[in-house]
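Going down the list, the protein sequences come from chains A and F. Throughout the first sequence, residue numbering follows full-length UniProt numbering, covering 1 to 187 in sequence. Throughout the second sequence, residue numbering follows full-length UniProt numbering, covering 1 to 245 in sequence.
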Amino acid sequence: MTTAKQLANFQWPWQYDFPPFFTIQPNVETQTKQIQAWCELVLDYQKHIKSYAIDVQESLSSPLFHNAKIKRKLPIDGVYLVLNALKDKGLLEWQDKKMSRALLMWRSAEEWAKLIFNWAERSGMTNTVCTLYELQLGNDVKKEEFYEIETWVLKRALRVLEKKGKAVMFDIQPNDNDNSGGVKFLS
Amino acid sequence: MRRRGVGGVAAINKSKLAKAKFAEKGTEIAETQVSQMSQQLEEFRTKLSDFAAKHRNEIRKNPQFRNHFQQMCARIGVDPLASSKGFWAELLNVGDFYYELGVQVIEVCMATRPRNGGIIPLEELRVRLTKAHGKTREDVTVDDLSRAIKKLSTLGNGFKVIAVGSQRLVQSVPVELSMDNTAVLQSAMDTGYASIKTLCDEFQWPTDRARRSLEQLIKEGMVWIDSQNASEDLYWFPGLFNNEK
């Protein structure tokens with residue numbers, strides 16, 4: 001659960017206090033701007049609370065979509081508009097058919113892939129095998145942005161590299177959260 | 001019979017001569033006046049030029065001084081801003097000041113347009129411009145901004161200062177605001193929003209008239225609707241909304 005303390009130093013955008021931000025706008029151009037601003041807010045918020053998962057029902061009453069101070073709530077259709085816009089950007093994956101839960105990446109798999117591959121090249125890790133665990137929690141990556149990356153995000157990023165022929169993965173388990181296995185980066 | 005003075009040939013000749021002499025004298029006087037005047041003008045030009053050269057920095061830096069200078073020029077029928085290539089502008093080098101300012105006004109308006117839909121209070125524009133340009137732009141007054149914006153209007157439709165009640169707003173989108181639209185702006189000036197009820201109360205409008213004007217403003221992207229207010233829908237101008245309030 002998100003606590004008030006966690007959000008104490010979160011920088012809300014100006015729109016968060018702007019009452020009509022919580023009403024889906026009838027003007028198409030204005031609505032596009034509005035959804036874009038919501039997408040950015042959702043990503044910033046999730047990044048701030050370090051969460052990769054979003055539950056629609058729970059989020060409706062969380063500070064993200066509910067500003068108690070000005071008594072405004074983004075209605076559920078609005079929340080779906082925003083989340084599906086994130087899906088279209090490749091940053092969100094629904095976990096079930098009913099679309100009640102989703103996984104959210106505040107950086108796309110392509111961007112993570114680039115960061116990881118740059119690191120591998122820089123530190124001479126190409127053509128050797130690294131374990132997924134080393135990439136997540138190894139001493140060599142402590143200063144990297146992908147340190148402590150969630151397993152499922154890491155796997156998606158590595159899959160991007162594999163498709164491009166820049167990496168080969170070994171002994172990878174189908175379960176999203178199982179981090180056993182390794183990867184070889186190709187120079 | 002005694003003849004009166006006029007009539008004789010000698011008298012006629014005498015009068016002709018006098019006329020010619022008067023004309024000659026007249027030309028002479030006019031010539032002196034013209035030469036005196038051009039001398040004066042020359043002197044004035046030199047003085048004004050000296051003055052401008054001497055106080056150029058002052059003109060650019062001190063808003064009060066600049067304002068006085070503008071007034072002085074207006075009083076003697078000189079518009080130093082008529083054109084940057086004009087004689088006065090070159091001489092005084094103040095045209096550039098307003099051109100630079102104009103460019104900065106465009107920058108701020110473009111940067112804030114996504115948020116405010118092209119409507120910004122003149123005072124907010126001044127504050128943002130001052131912040132953006134730090135020390136070099138400390139002393140820009142709303143008067144300077146109005147002048148600079150007036151010059152921008154020569155670029156075609158788009159930039160203009162509109163008076164709303166006692167306050168002034170800068171409009172940076174080429175939308176022709178109707179009288180009713182401006183009235184809506186006026187109603188929203190303090191709170192940031194208007195509603196059908198407040199408009200009907202304030203201007204004795206029928207409901208349709210208020211709704212039509214608001215819908216027009218929504219269509220132009222200048223107004224956002226808030227349907228979660230308890231009593232009735234509110235129509236907000238993001239350009240007039242201020243978080244700090």
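By construction, the Cβ of each residue, glycine as well, lies at the ideal position given by its N, Cα and C atoms.
Query raised in the report: Which value, in whole angstroms, describes the spacing of the CA atoms of Lys245 of chain F and Lys143 of chain A?
Result: To locate residue 245 of chain F, count along the second sequence from 1; it is residue 245. To locate residue 143 of chain A, count along the first sequence from 1; it is residue 143. For Lys245 of chain F, the pLDDT reaches just 45, beneath the cut-off of 50, and the residue's location in the model is therefore unreliable, although a value from the coordinates is still provided. One C-alpha to the other measures close to 41 Å.
Query raised in the report: Are there three or more Cβ pairs, one per stretch, closer than 8 Å when the segment 14-22 of chain A is compared with the segment 70-77 of chain A?
Result: yes
Report task. Would you tell me roughly how many angstroms separate the C-alpha atoms of Tyr129 of chain A and Ser59 of chain A, rounded to the nearest one? Result -> Counted from its first residue, the first sequence places residue 129 of chain A at position 129. Counted from its first residue, the first sequence places residue 59 of chain A at position 59. According to the sequence provided, residue 129 of chain A is Val. The question's Tyr does not apply to it. Distance between the alpha carbons of Val129 of chain A and Ser59 of chain A is about 40 Å.
Query raised in the report: Between Ile120 of chain F and chain A, is there a C-beta pair that is closer than 8 Å?
Result: As a working note, residue 120 of chain F is residue 120 in the second sequence. Cβ-Cβ to chain A under 8 Å: no for Ile120 of chain F.
Requested in this report: Say whether chain F places a C-beta atom closer than 8 Å to the C-beta of Thr32 of chain A.
Outcome: As a position in the first sequence, residue 32 of chain A is number 32, starting the count at 1. Not one chain F Cβ lies under 8 Å of Thr32 of chain A.
Requested in this report: Would you kindly work out how many angstroms separate the C-alpha atoms of Tyr16 of chain A and Gln34 of chain A, rounded to a whole number?
Outcome: Counting from one through the first sequence, the residue named residue 16 of chain A turns up at place 16. Counting from one through the first sequence, the residue named residue 34 of chain A turns up at place 34. So the two alpha carbons sit approximately 11 Å from each other.
Query raised in the report: Would Thr23 of chain A count as contacting chain F if we go by Cβ distances under 8 Å?
Result: Within the first sequence, numbered from 1, the residue matching residue 23 of chain A stands at position 23. Thr23 of chain A counts as touching chain F.
Report task. Just list the beta strand (DSSP E) runs in the segment 168-239 of chain F, keeping only unbroken ones of 3 residues or longer that don't cross its boundaries, in chain order. Result -> List check, beta strand (DSSP E) in window: 224-226 and 234-236.
Query raised in the report: DSSP state of Phe241 of chain F, grouped into three classes?
Result: Against the second sequence, residue 241 of chain F aligns to sequence position 241. Look at Phe241 of chain F here: in three-state DSSP terms it is coil, with no helix or strand label.
Report task. Give, in chain order, every residue of the segment 207-234 of chain F whose Cβ lies closer than 8 Å to some Cβ of chain A. Result -> Ile218, Lys219, Gly221, Trp224, Ile225, Asp226, Ser227, Gln228, Asn229 and Leu234
Query raised in the report: Per DSSP, what kind of secondary structure is Asp178 of chain A in: helix, strand or coil?
Result: Within the first sequence, residue 178 of chain A is the residue found at index 178, counting from 1. It is coil, neither helix nor strand.
Query - Buried or exposed by the 16-neighbour rule on C-beta atoms within 10 Å, applied to residue 191 of chain A - result: In the structure as shown, chain A starts at 1 and stops at 187, and residue 191 of chain A therefore has no counterpart that could be examined.
**Report entry** Nearest to Lys166 of chain A (by Cα), restricted to the options A:Ser180, A:Thr151, A:Val153 and A:Glu110
**Finding:** For this step, residue 166 of chain A is matched to residue 166 along the first sequence. Here the closest residue by C-alpha is A:Glu110.
Query - Three-state secondary structure (DSSP) of Asp171 of chain A - result: The residue labelled residue 171 of chain A in the question sits at position 171 within the first sequence. If DSSP states are grouped into helix, strand and coil, Asp171 of chain A belongs with coil.
**Report entry** Own chain, CB closer than 7 Å to Asp139 of chain F, minus 5 neighbours either side, in chain order
**Finding:** The residue you call residue 139 of chain F lines up with position 139 of the second sequence. Result list for Asp139 of chain F: Lys61, Asn62 and Pro63, in chain order.
Query raised in the report: For Arg72 of chain A, which residues in chain F fall below 8 Å Cβ to Cβ?
Result: Mapped onto the first sequence, residue 72 of chain A falls at position 72. Residues of chain F passing the Cβ test: Asp226 and Gln228.
Requested in this report: Check the DSSP bridge columns for Cys130 of chain A and list the partner residues they point to.
Outcome: Translated into the one-based positions of the first sequence, residue 130 of chain A becomes position 130. Note: Cys130 of chain A sits in a beta bridge opposite A:Val183.
Query raised in the report: Thinking C-alpha only, which one of A:Arg156, A:Leu161, A:Lys164 and A:Gln25 is nearest Leu173 of chain A?
Result: Within the first sequence, residue 173 of chain A is the residue found at index 173, counting from 1. For the record, residue 173 of chain A in the displayed sequence is Gln; it is not Leu. Nearest option by C-alpha distance: A:Arg156.
Query raised in the report: Cα separation between Ala183 of chain F and Asp208 of chain F?
Result: Residue mapping note: residue 183 of chain F aligns to position 183 of the second sequence, counting from 1. Residue mapping note: residue 208 of chain F aligns to position 208 of the second sequence, counting from 1. Those two C-alpha atoms are separated by around 15 Å.
**Report entry** Where the alpha helix (DSSP H) containing Ile120 of chain F begins and where it ends
**Finding:** Translated into positions along the second sequence, residue 120 of chain F becomes position 120. It is not in any alpha helix (DSSP H) - Ile120 of chain F instead sits in the beta strand (DSSP E) that spans Ile119 to Pro121.
**Report entry** Leu158 of chain A - containing beta strand (DSSP E), residue span
**Finding:** Taking the first residue of the first sequence as position 1, residue 158 of chain A is located at position 158. Segment Thr151 to Lys163 is the alpha helix (DSSP H) holding Leu158 of chain A; no beta strand (DSSP E) there.
Query raised in the report: What is the DSSP secondary structure of Leu91 of chain A, counted as helix, strand or coil?
Result: Here residue 91 of chain A refers to the residue found at position 91 of the first sequence. Coil at Leu91 of chain A, not helix or strand.
Requested in this report: Under 7 Å between beta-carbons, which chain F residues line up against Pro26 of chain A? List them in chain order, please.
Outcome: Along the first sequence, one-based indexing puts residue 26 of chain A at 26. By Cβ distance, chain F contributes Ile218 and Ile225.
Report task. Tell me, to the nearest whole angstrom, how far the beta carbon of Tyr235 of chain F is from that of Ser195 of chain F; I am working on the premise that it is less than 8 Å. Result -> For the purposes of this step, residue 235 of chain F is taken as the residue at position 235 of the second sequence. For the purposes of this step, residue 195 of chain F is taken as the residue at position 195 of the second sequence. Going by Cβ atoms, the distance from Tyr235 of chain F to Ser195 of chain F rounds to 6 Å, so yes, they are a contact pair.
Query - The alpha helix (DSSP H) enclosing Asp17 of chain A, as first and last residue numbers - result: For this step, residue 17 of chain A is matched to residue 17 along the first sequence. Premise fails: Asp17 of chain A is in no alpha helix (DSSP H) and is neither H nor E.
Query raised in the report: Under 8 Å Cβ-Cβ, which residues of chain A neighbour Trp236 of chain F?
Result: Translated into positions along the second sequence, residue 236 of chain F becomes position 236. Chain A residues near Trp236 of chain F: Phe18, Pro19 and Pro20.
Query raised in the report: Does any C-beta atom of chain F lie closer than 8 Å to the C-beta of Glu111 of chain A?
Result: Indexing the first sequence from 1 puts residue 111 of chain A at position 111. It does not: the Cβ of Glu111 of chain A has no partner Cβ on chain F nearer than 8 Å.
Query raised in the report: Do you know whose CA, among A:Pro63, A:Met99 and A:Asp171, lies nearest Tyr80 of chain A's CA?
Result: Here residue 80 of chain A refers to the residue found at position 80 of the first sequence. Ranking the options by Cα distance to Tyr80 of chain A, first place goes to A:Met99.
Report task. Compare the C-beta of residue 248 of chain F against all C-beta atoms of chain A and say whether one is closer than 8 Å. Result -> Summary: the structure shown does not reach residue 248 of chain F, with chain F confined to residues 1 through 245, and so no result is reported for it.
Report task. Quick one: residues in its chain with C-beta nearer than 7 Å to the C-beta of Gln11 of chain A, no 5 flanking neighbours on either side, listed in chain order? Result -> One-based indexing of the first sequence puts residue 11 of chain A at position 11. No residues qualify anywhere along the chain.
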